[in-house]
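K.L.:
So for the sequence shown, the numbering used here puts the first residue at 5; every next one is plus one. C-beta: ideal position from N, C-alpha, C; glycine also. One structure, pasted below without further comment.
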Amino acid sequence: MTAGAPNRLAAGGLIDRERPVAFRFDGRSYQGFQGDSLASALLASGVRLMGRSFKHHRPRGVWGAGSEEPNALMELRTGARREPNTRATQIELFDGLEAASQNRWPSLQFDAMAVNSLLSPVFAAGFYYKTFMWPASFWEKVYEPLIRRAAGLGRAAEAPDPDSYERRRLFCDVLIVGGGATGLIAALAAGRAGARVVLCEEEPILGGRLNCETERLDGRPGSEWVRSIADELAALDNVTLLTRTTVFGLFDHGVHSALERVADHKPAPDPFEPRQRYWQIVAKRTILAAGAIERPIAFPGNDRPGVMSAAAVRVYLNRYAVAPGRRMVLFTATDDGWRTARDALAAGISLEAVVDVRPDVPDAVRALIPAGSTRVLAGGRVTGTHGYLGLQAADLVDASGKSLRVDCDLLAVSGGWNPTLHLTAHLGHKPRWDESRAAFVPDALPPGLSAAGAARGAFTLGECLSSGAEAAAAALGDLGYPSPNLPLPKTEREAGGLAAFFAVPGKKAYLDFQHDVTADDVALAAREGFRSVEHAKRYTTMGMATDQGKTSSVAGLAVLAEATARTIAQTGTTVFRPPYTPVAIGAIAGSHRGRHFRPTRTTPLHDWASANGASFVEVGPWLRAEWYARPGEKGWRDSVDREALAVRAGVGVCDVSTLGKIEAVGPGAAALLDFVYANTMSSLKPGRLRYGLMLREDGFVMDDGVVARLAEDRFFITTTTANAGKVMQHLEFCHQVHRPDLDVSFLSVTDRWAQMSIAGPRSRDLLASIAPGTDVSDAALPHMSMLETVIFGVPVRLYRMSFSGERAYEIGVPADLGHAFMERLMEAGAPFGLTPYGTEALGVLRIEKGHVGGGEINGQTTAGDLGLGGMMAKGKDFIGRALAGRPALVDPMRPGLVGLKPKDPAATLRAGSHLLPPDVAPSIEADQGYVTSACFSPTLSSSIALALMRGGRTRIGETVRAFDPVRGGDVLCDVVHPVFVDPEGGRARG
């Protein structure tokens, strides 16, 4: 032992004693070494108490040594990098590490909530279903606040995460999950054969349990053999080694999700380095070599700090050179547990007793420790423990029933091994119970996946090596690679016997350490009718903690099986779901957060607009120019009014590039468009346009836009900005699912075109001046037609259509030439007073004209609601036709589109205002509709609005009250026709 670290062994381990590391835990300073985990460094310093359980707040120490750890959960770092619920067993020690215990108040040693342990009879299984039912009035005021205050284990950071995360993809021939003996031998075979290999290991170093055992391979220590294999693999160009990487999910078609902890072992990532990396690995074949997890035995008081997995004790002794205690009792049901007794004696730990549940222990196993070195209780049991904040003594019973109490501070428990088979079940495959191994092992496997080593129930080192080589040979044969001649290293003979033993009867015999679920809780669940393993899990919360039942599940199933008079095989298992271990949402999101969550899209004319004084607004992912301020204008309204009046009186230009643009090509294009649009598109002649209305299958309006027929088998479709992606998906779905017989292809060309609208009475004059060789007369280019021409030397598409109600033309220009084209257009338009206008003026113009937009096409309106029912073709079938005829959707009293004009022109109408009868008190019963769009009309010198009102246009001529309690609005309005300007449409048609 060494000073300052009373439990540190003087020699041994894989730590670097030349590199001391300073860290803090709960405000106290400690020291460990490079290569330590936080758990090993605390144990070396004599710290056994590391946490509190969730429900009873009982003292908890380390149970395991890896990702299975249920007890020692820490809060790491401070400030914006604070991270709760991190396992001390997986935290690599680094200089300056700040760690804190959690789920305690005011301190870890004195936790006021530990009173819950005294009240544990009240907190039995399902107590929350029984306790918080009465009186009902208490739920919101008393129960819910208390539950929310008690919920959770740690504290998340309150400031934005300063670190970055990364998403990557890998493709390989063979993916090997686990870098222990099995995984290494499989990787070596596949690597030498020339296959593309990815090896993932969740620990920072390869080797698995070979780094923690004293067994030798070919006469040399296991860690040396590991280094030689790792060096050869690292030198192979076709092999990728990913340490600190957990494969946490298996999905269809050989897709795996993995998390690489790139910089979790540092105070902060290096510049341009991600904190974590989320991998999607696509493998032709996968070998699961993830090993196995030692399970506990439930017995009274088995949760005290100092009660540990026997295999974990060997990890701390042999890998970290730490003695977790000075006086040890071994409680085992396996031959493997005796190896812990052997290693403990070699490390100078006093072995007080070996308690083996088996009456007959093989002589070869007994020979692992010197005869007479300790008392051996064959057929014995541990029936209780003593100690407040840590183990001080254990109660033992021998085969004859004689009891004795033994002083000890370490109780190593070996209840058997559970293969880490989670990935084999992520696609719905169930494991089977193997009586000979007393464990669930893989049964039917997903395509391309094989299990090897301890993950399939081969627990000895020799079996692991041979099964890893066999799995690699099978995978290579499937892929057409030759299997190399790979001699296996010689191993020492190992005993692998065990007894299926899961629990000692008694109070407070814990199965789930984190959630305080006891064997009595599971038995109670069974008595109350929760016989299904899935029901029992949820009723007791067993296996629902952060470790997801890695240590508790099998023992819990055994107790449930006994309580329901079934076998474990009949009881079955719960469903295994990804992730295998907790994964930060930030890692899955990668760089897609904040502004990068949905990258901002700008139009080809964005730089021009910005240089010309535009203010921008986010419209979905796009930035669009709202208005163009000019000197002397006092506010945005001045700019918008000027722009709108310029379009009504002269000519304006607007960037409409964000509208969705899709080309449909093929002999079946016309038929498919007839199917997806409510009106007919197949009768459209080449060179003509038609306004189209698209319904969802439930009969409600999905989107609108204009369709141009470029040729007999080619159409150009425009959509609203917001629904461009949705319409593209809808078209593909309708083709692939409903009409796969049609020969048609769709291509999104939104980014291919810079589109600008020239609108106003003088728009044709301007157009004629810039296209002198093109006939743009009404006869040659009538309303709702198009042609292709050349302007400023650029091939363009010219569409005559209007959204403003004025004569208007849209010019489609190749995107890369859009900026230069706009500059030339403004120069040519100067004599005509060409005025750029933004989305606000565009909105004013469309409301004045009664055109529907996003406020009206909101997913809750039908074609009839919007006054477009006449467009629905009666002689063809189309998406939404049948359900659009439901009685409720054709009810004449449904809310329909109307216009509103305040009786007082100075009054302001606002979108969202409710429509009420005059002189009626506001109430839900009196509500008759709401305002969908509103603006000030400079043309009419009044505020105007579009609204959806019960009874629709049958209400024109009535007076209604626009009531806006949130913003203090209460305006009397006349209900008018929704088209305020040029209802005959003469301006647009010329």
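Runs of 3 residues minimum, wholly inside the stretch 33-84: which ones carry the beta strand (DSSP E) assignment?
P.N.:
List check, beta strand (DSSP E) in window: 77-80.
K.L.:
My understanding is that Thr244 touches Val201, with C-beta atoms under 8 Å, so please give their C-beta distance in whole angstroms.
P.N.:
That pair is a contact at about 7 Å.
K.L.:
Are Ala296 and Pro450 closer than 7 Å when you measure CB to CB?
P.N.:
In this structure, Pro450 does not lie closer than 7 Å to Ala296 by Cβ.
K.L.:
In terms of residues, what are the limits of the alpha helix (DSSP H) holding Glu667?
P.N.:
First-last for Glu667: 664-669, but that is the beta strand (DSSP E), not the alpha helix (DSSP H).
K.L.:
State buried or exposed for Lys541, treating a residue as buried only when at least 16 other CB atoms are found within 10 Å of its CB.
P.N.:
Lys541 is buried by the Cβ-count criterion.
K.L.:
If you drop the 5 nearest sequence neighbours on each side, which residues of the same chain put their C-beta closer than 8 Å to that of Gln759?
P.N.:
Hits under 8 Å: Asp659, Val660, Ser661, Leu663, Lys665, Glu814, Ile815, Gly816, Val817.
K.L.:
For a test of the three-state rule: what should DSSP assign to Ser284, helix, strand or coil?
P.N.:
One point to set straight first is that residue 284 is Gln, not Ser, in the sequence displayed. Gln284: strand per DSSP, three-state reduction.
K.L.:
Using CA atoms only, rank isn't needed, just tell me which of Arg86, Asn489, Glu219, Ala128 is closest to Lys197.
P.N.:
With the sequence shown as reference, residue 197 is identified as Ala, and Lys is not the correct amino acid for it. Per the Cα distances, Asn489.
K.L.:
Buried or exposed: Thr722, going by 16 or more other Cβ atoms within 10 Å of its Cβ?
P.N.:
Burial call: buried.
K.L.:
At the level of alpha carbons, what is the spacing between Leu649 and Gly903?
P.N.:
So the alpha carbons of these two residues sit roughly 20 Å apart.
K.L.:
Rounded to the nearest angstrom, what separates Leu372 and Ala315 at their Cα positions?
P.N.:
Distance between the alpha carbons of Leu372 and Ala315: 15 Å.
K.L.:
In angstroms, rounded to a whole number, what distance separates the CA positions of Phe720 and Ala668?
P.N.:
Spanning the two alpha carbons is a distance of roughly 7 Å.
K.L.:
Apply the 10 Å Cβ neighbour rule to Asp974 and answer buried if 16 or more other Cβ atoms are within range, or exposed otherwise.
P.N.:
Exposed, because fewer than 16 other Cβ atoms sit within 10 Å of the Cβ of Asp974.
K.L.:
With a CB to CB cut of under 6 Å and the five nearest residues on each side skipped, what residues in its chain are close to Arg602?
P.N.:
Closer than 6 Å at Cβ, skipping near neighbours: Pro625.
K.L.:
With a CB to CB cut of under 6 Å and the five nearest residues on each side skipped, what residues in its chain are close to Thr656?
P.N.:
Before going further, note that residue 656 is Gly rather than Thr in the sequence given. Closer than 6 Å at the Cβ level, and outside the excluded window around Gly656, lie Ala650, Ala763, Gly764, Thr839, Tyr841.
K.L.:
So, does the stretch 85-100 touch the stretch 494-512, judging by three or more C-beta pairs under 8 Å?
P.N.:
With a cut-off of 8 Å, the stretch 494-512 and the stretch 85-100 do not count as touching, because too few Cβ pairs lie within range.
K.L.:
In angstroms, rounded to a whole number, what distance separates the CA positions of Glu962 and Ser945?
P.N.:
So the two alpha carbons sit approximately 21 Å from each other.
K.L.:
Run through DSSP, which three-state label would Asp482 get?
P.N.:
Note: Asp482 maps to helix in three-state DSSP.
K.L.:
Look at the alpha carbon of Gly956 and the alpha carbon of Ser937, and state the distance between them as a whole number of angstroms.
P.N.:
So the two alpha carbons sit approximately 15 Å from each other.
K.L.:
Going by the CB atoms, is the gap between Val621 and Thr575 shorter than 7 Å?
P.N.:
No, they are not a contact pair.
K.L.:
Using the Cβ count rule (16 or more neighbours within 10 Å means buried), how would you classify Glu22?
P.N.:
Answer is exposed; the Cβ neighbour count stays below 16.
K.L.:
Here's the rule I'm using: 16 or more other beta-carbon atoms within 10 Å means buried, otherwise exposed. How should Met1064 be labelled?
P.N.:
Any answer about residue 1064 is impossible in this case: the structure gives the chain only from 5 up to 994.
K.L.:
Helix, strand or coil for Glu701? Go by DSSP, reduced to three states.
P.N.:
The answer is coil: DSSP assigns Glu701 none of H, G, I, E or B.
K.L.:
Would you mind giving the Cβ-Cβ distance between Gly383 and Ala403, rounded to the nearest angstrom? I have them listed as a contact below 8 Å.
P.N.:
Contact flag correct, Cβ pair sits at about 3 Å.
K.L.:
DSSP on Ser227, reduced to helix/strand/coil?
P.N.:
DSSP places Ser227 in helix when its eight states are reduced to three.
K.L.:
Short check: CB of Ala523 to CB of Val563, under 7 Å?
P.N.:
Yes, these two residues count as a Cβ contact at 7 Å.
K.L.:
Output yes or no for whether 7 Å exceeds the beta carbon distance between Met548 and Leu515.
P.N.:
No, these two residues do not count as a Cβ contact at 7 Å.
K.L.:
Straight-line CA distance for Pro756 to Asp678?
P.N.:
Per the sequence shown, the amino acid found at residue 756 is Arg instead of Pro. Going from the Cα of Arg756 to the Cα of Asp678 covers about 25 Å.
K.L.:
Less than 7 Å between the beta carbons of Leu483 and Asp177, yes or no?
P.N.:
It is a contact, given that the beta carbons lie within the stated cut-off.
K.L.:
According to DSSP, simplified to helix, strand and coil, what is Asn727?
P.N.:
If DSSP states are grouped into helix, strand and coil, Asn727 belongs with coil.
K.L.:
Could you pull the DSSP bridge partners for Gln759 from this structure?
P.N.:
In DSSP, Gln759 forms a bridge with Gly816.
K.L.:
With a threshold of 16 other CB atoms inside 10 Å of the CB of Thr604, please say whether the residue is buried or exposed.
P.N.:
So Thr604 counts as exposed.
K.L.:
Just the C-alpha distance for His742 and Ala675, rounded to the nearest angstrom, thanks.
P.N.:
If I take the Cα positions, the gap works out to 12 Å.
K.L.:
In chain order, what residues of the same chain lie with their CB nearer than 8 Å to the CB of Gly594, ignoring the 5 residues before and after it?
P.N.:
Excluding positions up to five away in sequence, the list reads Tyr169, Glu170, Arg171, Tyr282.
K.L.:
When you compare the CB positions of Thr843 and Arg692, do they come within less than 7 Å of one another, or not?
P.N.:
No, the Cβ-Cβ distance between Thr843 and Arg692 is not below 7 Å.
K.L.:
Determine whether the beta carbon atoms of Pro582 and His433 lie at a separation below 7 Å.
P.N.:
It is not a contact, given that the beta carbons lie outside the stated cut-off.
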